[in-house]
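The listed protein sequences derive, respectively, from chains S and P.
Letter 146 of the first sequence, counting from 1, is numbered 146 in the numbering used here, and no numbers are missing.
Letter 177 of the second sequence, counting from 1, is numbered 177 in the numbering used here, and no numbers are missing.
Beta carbons are placed, not taken as given, at the ideal position from N, Cα and C, and that holds for glycine.
As structure tokens, the structure follows; a few thoughts come after it.
There are 2 protein chains.
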Amino acid sequence: MNAELPHVVIVGCGFGGLEATKVLDGAPVRVTLIDRSNHHLFQPLLYQVATAGLSAPSIASPIRHMRRHQRNLTVLMAEVAAIDKAQRLVELGDGQQIPYDYLIVAAGATHSYFGNDHWQTHAPGLKTLADAFKLRARLLSAFEKAETLADQPARESWLTFVVIGGGPTGVEMAGTLAEIARHTLRDEFRRIDPSRAQVLLVEGSDRILAAFKPEQSAQAQAQLERIGVTVRVNCRVVGIDETGVDLQLPGGGRERIESHTKVWAAGVAASPLARTLDVPLDRAGRVIVDEHMNIPGHTEVYVVGDMAAAHSQEKDGSRKPVPGVSPGAKQAGRHAARQILARMQGRSEAAFRYQDYGSLATIGRKAAVADLGSIQFSGFSAWLFWLFVHVYFLIGFRNRLRVFVDWAWAYFTFQRHARIVVEPQHHGDQDEA
Amino acid sequence: MNAELPHVVIVGCGFGGLEATKVLDGAPVRVTLIDRSNHHLFQPLLYQVATAGLSAPSIASPIRHMRRHQRNLTVLMAEVAAIDKAQRLVELGDGQQIPYDYLIVAAGATHSYFGNDHWQTHAPGLKTLADAFKLRARLLSAFEKAETLADQPARESWLTFVVIGGGPTGVEMAGTLAEIARHTLRDEFRRIDPSRAQVLLVEGSDRILAAFKPEQSAQAQAQLERIGVTVRVNCRVVGIDETGVDLQLPGGGRERIESHTKVWAAGVAASPLARTLDVPLDRAGRVIVDEHMNIPGHTEVYVVGDMAAAHSQEKDGSRKPVPGVSPGAKQAGRHAARQILARMQGRSEAAFRYQDYGSLATIGRKAAVADLGSIQFSGFSAWLFWLFVHVYFLIGFRNRLRVFVDWAWAYFTFQRHARIVVEPQHHGDQDEA
């Protein structure tokens, strides 16, 4: 590559970073894409890996393989420690410094425990493949542990699952867990009855799926209850430890739920890399960017996706926040890359406008809710729509085919092919798996 | 289940334990199968998981799902800490004691570093899925690390792979690694040329695949060299550290190989559980068993598979050691279970006779060696035979189909679909992935 071409560095290969990379294919720039992992992850289906429905390679592809034909691209698997915007340098974890002419930061988000970081050990979240394997091991091992115990109350605390947070991820996890208990594990245990497992979905506000219309929240709750999930709204989690969860009830009272297996789906915060930019952040730690995804005073630095607090310039002149979903990250990534190419030619793109295609959340084996703006629907038709959209957007022909075959199989047999606990795991053991 | 029926406890669900369990299906006994993991693993294809050709669920099935129709079987996922043969008790890691009337111990083998246990960190072996993920992360991350480095000698030490031990596993690993470097990663790197990676196969004796005929060892070595593996026979490993391997050469000299990525395929030892039986062991820690797989003085205790030093009663009256391969474990497991049923009726089976179907080892994408006793062949025909045998014996229709599709795809595209590093990993980082 010509070393005199402008150097665009992209940090993070989620939806935002990957789309930006694609826009720059063939452009007169050198591109370096840096990610701490070697793969792009299709995060919307990560809960399926955690619940043993899909294997990891079905939803993850090696970045350098996906983009091997992009000749102006170098992919580096490395940790980014900090960004020096004055010197225009990206600092890697091993001390290397990488100079840039343009920078797109798309390092995503991590879990937020609202100041209770010690909850993380007991209620892991779901952002990476490592998280998914950890959760899978805990969920499956809980049934195994219950089978080994003679004591009935002890068994019950191993057969109680608490999902914290009623957003799409929490709803998906709770629905799938109920299915596993009722159907997947049927006839496989001798001492316990897995279908008597309790699955609780705890939400602090007054309804689940707050991004949807209230009727749809109600429909989703009814669908969850039909498959055996206990939905608890207006319940705030005030404590999490190894053996249970403490709730604050609507009336102000307290309730203790004995449960060894908790899943955190309640809060996210921007990657800590945001802090090294030394610019204003919002409460969730996100970088406040302008209409071109730039940070203040640096038209060469862009932040996109879950790391950014971005706004869409609506036709009526108003400004609407861009939601933290994959279409938002993709569109912002494309905008940043196009704006770099425009600036190189002394032009500028129009202000970023978010194209809203609607919201989708799946509940279980054949239920979902969809809000496409002008139309809302739920149940089986929404589930088919959800299935189509997710398989369509999944990376690569190969993975689409695999996932489709896995799901067709699972649908008709109730089986989940990836029920593998890599390392034996009980709480108190080490967390990696 | 009728609590008055004799209780057979089986420890370990590898090939030996699983076959014993199957023989007891429908028999007038209660069976408890205890394994530290939740899955039966098809170990002959584990190297494919380590080299990103297969995903873990393709070669592993949940034990309780496989045997869900066996009504006299209880499956427990638990660690066995010790066996008390005087009291007839199996002690679990959590302190529970499980009494037995008959016991089949089939806990398999682990790596042996011949007294150099500190080598394990630097040169992991390949026995479990966790091992396979660890190796996969190291192998793929080595290429990634080399791409991030500017220094040429440092790059080369990350692009040098040393496989220690020239048995079937070592040959399979070395051959597949050479293919990955030459074909799978082609065109994907910008700063390094992965096809220039060095793959060394180090063997202490004078030929690889010592279980085969000398001509076949020579053919296998020629095939490995054709695909780019450097085979070093008569070289004893005398040191392994983070950055390399020290060899003792045939003439007595020393040689240092700079390499960050080492694979141990040299030695195995019986599970440490063998020691708790307090009976005579051989040098590899295996339990010396009689013609019915019993330990001395305890006709109710059987040891089978890689944990046992067993002999076959040949037709000519001679006794031949049973090799540590899956047919040996399967046949011994079946024998032990049948002998239990015979004893319950006051009978005895004939002494164990091992049925030898031959040996098979694969070298790469289309080469293998086969020794079926009366006939030896190698090359493409042996590879097709190897493929057929392995897919045929793989657990479950579903997995067979998946593996077959994965291989057909890999064969024609040179691609390996499971190239996922779950957690970023370099040496010095924590080892779990």
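Interface flag, residue i vs chain P, CB-CB below 7 Å
i, result
"H427/S", "Only weak support exists for where H427/S lies, its pLDDT of 38 falling under 50; the coordinates are left without a value."
"I420/S", "yes"
"E188/S", "yes"
"H176/S", "The question names His, but residue 176/S is Thr in the sequence shown. Chain P contact via Cβ: absent."
"T148/S", "yes"
"N38/S", "yes"
"G16/S", "no"
Helix, strand or coil at residue i according to DSSP, with G and I counted as helix
i, result
"A82/S", "strand"
"M77/S", "strand"
"E179/S", "helix"
"F385/S", "helix"
"L45/P", "helix"
"F414/S", "coil"
"A310/S", "coil"
"N234/S", "coil"
"A211/S", "coil"
"S17/S", "This sequence places Gly at residue 17/S; Ser is not what is there. If DSSP states are grouped into helix, strand and coil, G17/S belongs with the helices."
"N294/P", "strand"
"L149/P", "coil"
"S205/S", "coil"
"P62/S", "strand"
"F4/S", "The sequence given here has Glu at residue 4/S, not Phe. Three-state DSSP puts E4/S in coil, outside helix and strand."
"G170/S", "helix"
"G305/P", "helix"
"K436/S", "With chain S running from 1 to 433 in the structure shown, residue 436/S is simply not present."
"G239/P", "strand"
"Y392/P", "helix"
"H122/S", "coil"
"V29/S", "coil"
"L247/P", "strand"
"S378/P", "strand"
Beta carbon proximity, residue i to chain S, threshold 7 Å
i, result
"V49/P", "no"
"L41/P", "no"
"T243/P", "no"
"T110/P", "no"
"E144/P", "yes"
"S326/P", "no"
Any non-hydrogen atom of the ligand ADP within 6 Å of residue i CB
i, result
"R207/S", "Among the components modelled here there is no ligand, and therefore nothing to report on the ligand ADP."
query = Listed from N- to C-terminal order along the chain, which residues in the segment 406-418 of chain P have their beta-carbon within a distance smaller than 8 Å of any beta-carbon of chain S?
reply = So the list reads W409, Q415, H417 and A418, given in the order they occur along the chain.
query = Residues in the segment 279-306 of chain P with C-beta within 8 Å of chain S's C-beta atoms, listed in sequence order?
reply = Taking 8 Å as the Cβ-Cβ cut-off, the segment 279-306 of chain P has no residue approaching chain S.
ask   = Quick one: complete beta strand (DSSP E) runs, 3+ long, within the segment 317-357 of chain S?
value = Segments of the beta strand (DSSP E) lying fully in the segment 317-357 of chain S: 319-321.
request  = Mind checking the segment 261-273 of chain P against chain S and listing, in chain order, the residues whose C-beta falls within less than 8 Å of any C-beta there?
outcome  = Those residues of the segment 261-273 of chain P placed with their C-beta closer than 8 Å to a C-beta in chain S do not exist.
ask   = Which residues, in chain order, does the segment 121-138 of chain P contribute to contact with chain S at a C-beta distance below 7 Å?
value = For the segment 121-138 of chain P, the set of positions with a beta-carbon nearer than 7 Å to some beta-carbon of chain S reads L129, A130 and F133 in chain order.
task = Report the residues of the segment 55-79 of chain P with a CB closer than 9 Å to any CB of chain S, ordered along the chain.
result = Cβ contacts with chain S: S55, A56, P57, S58, A60, S61, P62, R64, H65, R67, R68, H69, R71, L73, T74, V75, L76, M77, A78 and E79.
message = For the structure I just gave you, are there three or more beta carbon pairs, one from the segment 226-233 of chain S and one from the segment 187-200 of chain S, closer than 8 Å?
response = Pairwise C-beta distances place the segment 226-233 of chain S in contact with the segment 187-200 of chain S, as three or more of them are shorter than 8 Å.
request  = Decide yes or no for the touch test of the segment 318-331 of chain S against the segment 128-137 of chain S: beta carbon pairs closer than 8 Å, at least 3 of them.
outcome  = Cβ pair count under 8 Å is below three, so no.
message = Any contact between the segment 358-374 of chain S and the segment 214-224 of chain S? By contact I mean 3 or more CB pairs, one from each, below 8 Å.
response = Verdict: yes, contact present.
ask   = Below 8 Å, can you find three or more Cβ-Cβ pairs linking the segment 188-197 of chain P to the segment 286-301 of chain P?
value = The answer is no - the segment 286-301 of chain P does not touch the segment 188-197 of chain P, with fewer than three Cβ pairs under 8 Å.
request  = Inspect the CB distances between the segment 339-348 of chain S and the segment 320-327 of chain S and report whether three or more fall short of 8 Å.
outcome  = When Cβ pairs closer than 8 Å are counted between the two stretches, the segment 339-348 of chain S is seen not to touch the segment 320-327 of chain S, the count staying below three.
request  = Assess, as a yes-or-no matter, whether the segment 154-169 of chain S is touched by the segment 259-270 of chain S under the definition of 3 or more beta carbon pairs within less than 8 Å.
outcome  = With the cut-off at 8 Å, the segment 259-270 of chain S and the segment 154-169 of chain S touch.
query = When you check each C-beta in the segment 356-384 of chain P against every C-beta of chain S, which residues fall closer than 9 Å?
reply = Along the segment 356-384 of chain P, there is no position whose C-beta sits under 9 Å from a C-beta of chain S.
message = Does the segment 65-81 of chain P come into contact with the segment 409-425 of chain P, if we say contact requires no fewer than three beta-carbon pairs (one atom in each stretch) closer than 8 Å?
response = Of all C-beta pairs linking the segment 65-81 of chain P to the segment 409-425 of chain P, fewer than three are shorter than 8 Å, placing the two stretches out of contact.
request  = Mind the definition here: the segment 76-89 of chain S touches the segment 29-36 of chain S only if three or more C-beta pairs lie below 8 Å; say whether that holds.
outcome  = The answer is yes - the segment 29-36 of chain S touches the segment 76-89 of chain S, with three or more Cβ pairs under 8 Å.
message = Measuring CB atoms only, is the segment 305-324 of chain P touching the segment 100-113 of chain P, in the sense that at least three cross pairs come out at less than 8 Å?
response = Output reads yes: the segment 100-113 of chain P touches the segment 305-324 of chain P.
Chain P contacts made by the segment 180-214 of chain S, where a contact means CB separation under 9 Å = Taking 9 Å as the Cβ-Cβ cut-off against chain P, the residues of the segment 180-214 of chain S that qualify are T184, L185, R186, D187, E188, F189, R190 and R191.
query = Should the segment 49-57 of chain S be regarded as contacting the segment 164-178 of chain S, the criterion being three or more beta carbon pairs within less than 8 Å?
reply = Between the segment 49-57 of chain S and the segment 164-178 of chain S, the count of Cβ pairs shorter than 8 Å is three or higher; the stretches touch.
query = Got a sec: which bits of the segment 4-31 of chain S sit with their beta carbon under 7 Å from any beta carbon on chain P, in order along the chain?
reply = Under the 7 Å Cβ criterion, the segment 4-31 of chain S contributes no residue.
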